[in-house]
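First the structure, in the form of structure tokens, and then the observations on it.
Protein chains: 2
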Amino acid sequence: MIATDALLTDLYQLTMLQGYYAQHMEGSAVFELFVRRLPACRGFLVAAGLEQAIDYLQNLQFTSAELEWLQGTGFFKTEFLQWLENFRFTGDVHALPEGSVFFPNEPILRVTAPIAEAQFVESRLINILHFQTLIASKAARSVLLAPDKKLVEFGFRRAHGGEAGLLAARASYLSGFSGTATVAAGRHFGIPVFGTMAHSFIQAHLNESEAFEHFALANPGNVVLLIDTYDTEAGAQKVVELAPKLAALGIPIKGVRLDSGDLAAHARRVRAILDAAGLTDATIFASGNIDEYSLEQLILEHAPIDGFGIGTHLDTSEDAPYLDCAYKLQEYAGMPRRKRSEGKATWPGTKQVYRRFDVDGKLAGDTVTLADASCEGKPLLKAIMQEGKLVEPLPALEQSRAYAKEQLSRVPDGLRVLKHASVYPVHFSPELRELTERMDIDAELR
Amino acid sequence: MIATDALLTDLYQLTMLQGYYAQHMEGSAVFELFVRRLPACRGFLVAAGLEQAIDYLQNLQFTSAELEWLQGTGFFKTEFLQWLENFRFTGDVHALPEGSVFFPNEPILRVTAPIAEAQFVESRLINILHFQTLIASKAARSVLLAPDKKLVEFGFRRAHGGEAGLLAARASYLSGFSGTATVAAGRHFGIPVFGTMAHSFIQAHLNESEAFEHFALANPGNVVLLIDTYDTEAGAQKVVELAPKLAALGIPIKGVRLDSGDLAAHARRVRAILDAAGLTDATIFASGNIDEYSLEQLILEHAPIDGFGIGTHLDTSEDAPYLDCAYKLQEYAGMPRRKRSEGKATWPGTKQVYRRFDVDGKLAGDTVTLADASCEGKPLLKAIMQEGKLVEPLPALEQSRAYAKEQLSRVPDGLRVLKHASVYPVHFSPELRELTERMDIDAELR
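This is how it looks when you write it as structure tokens:
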């Protein structure tokens, strides 16, 4: 379902590979993937997408049809394309487990491999890890605000393509959502799927009561009725009127859905209507342009809403539609490397991140240092692949979801706020600073 | 490459279908896809994605594995799932040709089909058409600003998944971009592909000069050198020093790329360095967080830049990451239908859009009316499919691109500005207003 095609990459990866190939540059390279800075409206990030990234690495190879097409572009020599026939990923990967909370300048993935391999996989690795991390990070904000509400990912239609819809469902479930409306995500990732009816179902009937009844008869185990097509409170009244008839058939009304207007006000009135009729078990589910900002407001207002469908704003990460992430060469042939471009300089060398916790188990500070340096704290990057093979099976999505829950429980209050979060302390070790300075001096002398 | 899986949909489509099936609701439904309102920073939109939407409709069917999985969810009766085995799209489609300029409340696609079919395809049709329209509309802004520059889509890595990367390449090419960096988009859509090297290629070498030479020897027809890894002007100087050696080998330096810092200032200095060495044919290509806003600034400053790589901001439509679009039931079993939800009420009935032009051929005003009403102007929706078959072959991407160019040439100046565009007049005909009022009165009486 998630494509592993080798040509899902930038052309420059292949022209660079042609350069490495021509010069017999086969040394080992270390690339690290990290986020340069947080969007203004994020206090922390949640790593996601490793399973798909590893799947990509394990399946990477060029088909003969792809190589034939590349030949036709005129960019490549035949000998180089023949070499690509046997191109596979044979390197090592270290990474943060999915669900890990992390911060700027901390590598979340490190690839160590012959330079052509480590180089080539850049585009699709970023593409996979960036998007799921973006969505898991956004989803976590709603989960922390409303841990006891049912949150359902609702955004497939306005996600950026089919793959984005699937991966948004996965990433938000990882961060603690209860499920998704997207059927294929249910099938491929084992995520619980939710859904009942759209306005069109109501409109296709002569009146709402008939539509509600028809739906209930056809879907007796899943009766959540959409009541805002014409008038929300009148819709709730029709649900109440229908309830005894359905009850006589043994069909319970599980709930109603609101999708427009002042959700808190409607929910209060609808709750009263349902309760007055004894439908106290029927839940109220709300949708319609909800994001963590409106969710926070609804929770502050104590709106009697049991669950939320969160769609477009989640799947597009509307308030921060991308992360400033990069995948950079940090070492080649045993020597650390440093990019010094204005505003985009990197910390050189192969790195590890160590984390400290306070007495309550909350995150207290991280240190980025060289992988072979010693440091106080818990090391975050784990060995995932060695010589192209998994070190151990990746955790199942449910396990990663449990890990994300544990990680989110450790996020300090100052980082949980929706805006103007405090800045988490990420230190750079003396060893790393010293290496960086030494490289700059060497570069000046060269 | 672009998935047509039937389960790329919302669960509620299937639960509704189970309801239609149980009640033998087989009447013809008309659904229309439209955008409710423009994002604040858009003056117009460009329709895109029809080819993939039609491909989806033509290939829609459930596999036995999918049906088996659905059975396991417990939501569906066996008889209904058996009926789904033969489920195909057999309806009619009317649509704006790809590349059409359009405005809020104008249907860009109309589906007329037995209600189950017309209903079911909602989620994926929106998913496909929304995203490409979003990107084509964003890309058109840069094309109108810089019609003589080479604009290349550069955003695969931060596009929201692989499909988004491919479709962003297609949509931006449709709107007039010169090509893409994404290899798979080149292969699948026949779009020109561009790319040379990343900073890592430079860093993997002991110095820039060696990296430049190695790249040129391996890619003699495609020598565009990235010069900002350490110091941009020093990089340009190294290009100049290398040029005679390459010239002696018959290898021309096509250009250089800048990727950081003050692009206008660097471009001026680099242009002077190149020109002073006689490299007047070498072009300057710039990238790095460019969007139409920074592009406008660079053009106002007359920065000597020949082409631009536009990535993240384009592929995520950063300033407007979604469109408020909807696919709504407008007619069922011969009767118009209207949703009246607060803030989301629809114009009922099967509609057509007519466009008028001023003496210069620029867009002068549109009227939305009922499909069977007569109206002044040029009708915009065309018959695309009839009874599940194409009325005529869809235009090739190059033809649609030419059409988009013609359409963009007709956009009035007031709509081309990046912010605070004027509001284009879209009228609703007396027939449509009358129908809407009549339906509201009927609803009150019912």
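Chain order of the listed sequences is Z and F. First residue of the first sequence: 7, per our numbering; consecutive thereafter. First residue of the second sequence: 7, per our numbering; consecutive thereafter. Glycine included, every Cβ here is placed at the ideal spot set by N, Cα and C. Since this is a predicted model, take the numbers as computed values, not measurements.
Query	Result
Sequence-distant residues of the same chain with beta carbon closer than 7 Å to F/E302, five excluded per side	L151, L424
Contacts of F/M22 in chain B (Cβ-Cβ under 7 Å)	Here the protein chains are Z and F, and chain B is not one of them.
Cβ pair count under 8 Å reaching 3, the stretch 121-132 of chain Z against the stretch 406-421 of chain Z	no
Limits of the unbroken beta strand (DSSP E) element including F/D98	98-101
4 or more residues per run - each alpha helix (DSSP H) lying fully within the stretch 311-348 of chain F	318-321
Residue range of the beta strand (DSSP E) that includes F/P258	Note, F/P258: premise wrong, no beta strand (DSSP E); not H, not E.
Length-filtered (3 minimum) beta strand (DSSP E) runs lying within the stretch 395-450 of chain F	432-434
CB contact check: Z/I121 to chain F, cutoff 7 Å	yes
Contacts that Z/M31 makes with chain F (C-beta to C-beta distance below 9 Å)	A210, H211, H220
Beta-carbon spacing of F/F183, F/L157 below 7 Å	yes
Residues that Z/L173 contacts on chain F, provided the C-beta gap is smaller than 9 Å	H166, G167
Extent of the continuous alpha helix (DSSP H) to which F/S178 belongs	168-180
Exposed unless 16 or more other CB atoms sit within 10 angstroms - verdict on F/H30	exposed
Contact list for the stretch 95-116 of chain Z against chain F, Cβ threshold 7 Å	none
Exposure label - Z/V429; buried when at least 16 CB within 10 Å	exposed
The stretch 342-374 of chain F: positions lying closer than 8 Å to chain Z by Cβ	R343, R344, K345, R346, S347, E348, G349, K350
In DSSP terms, what F/T375 is bridged to	F/Q358
Chain-order list of residues whose beta-carbon lies under 7 Å from that of F/Q413 (same chain, five-residue window excluded)	G105, S106, V107
Of the listed residues F/R176, F/A165, F/A175, nearest to Z/G171 (C-alpha basis)	F/A165
For Z/I296 and F/Q243, the rounded distance between their alpha carbons	54 Å
Under 8 Å by beta carbon: chain F residues contacting Z/A453	Nothing can be reported for residue 453 of chain Z, as the shown portion of chain Z is limited to 7 through 452.
Residue-chain proximity (Z/V199, chain F), Cβ-Cβ < 7 Å	yes
Backbone CA spacing between Z/G55 and Z/A282 [nearest angstrom]	47 Å
C-alpha distance - F/K411 paired with Z/A101, whole-angstrom precision	46 Å
CB contact below 7 Å: Z/S129 versus chain F	yes
Touching by the beta-carbon criterion (3+ pairs, under 8 Å), the stretch 188-208 of chain F and the stretch 192-206 of chain Z	no
Alpha carbon of F/F221 to alpha carbon of F/A254, nearest angstrom	16 Å
Partners in chain F for Z/S266, counting only beta-carbon separations shorter than 8 Å	S347, E348, G349, K350
Option in F/E348, F/E74, F/K357 with minimal Cα separation from F/E337	F/K357
Contact test: Z/T69 Cβ vs the ligand ATP heavy atom, cutoff 6 Å	Absence of the ligand ATP is noted for the structure shown, with no ligands found whatsoever.
Rounded Cβ spacing between F/L46 and Z/D16 (contact assumed at less than 8 Å)	Reading the sequence as shown, one finds Ala at residue 46 of chain F and not Leu. Not a contact, Cβ separation roughly 32 Å.
Assumed close pair Z/N111, Z/F40 - CB separation to whole angstroms, cut-off 8 Å	6 Å
Own chain, CB closer than 7 Å to F/Q19, minus 5 neighbours either side, in chain order	Q125, F126, E128, S129
DSSP beta-bridge partners of Z/R116	Z/E38, Z/H100
Identity of the residue in Z/G394, Z/L232, Z/I141 nearest Z/E324 by Cα	Z/I141
Length of the line joining the Cα atoms of Z/S3 and Z/E393	Residue 3 of chain Z lies beyond the range of chain Z shown here (7 to 452); nothing can be said about it.
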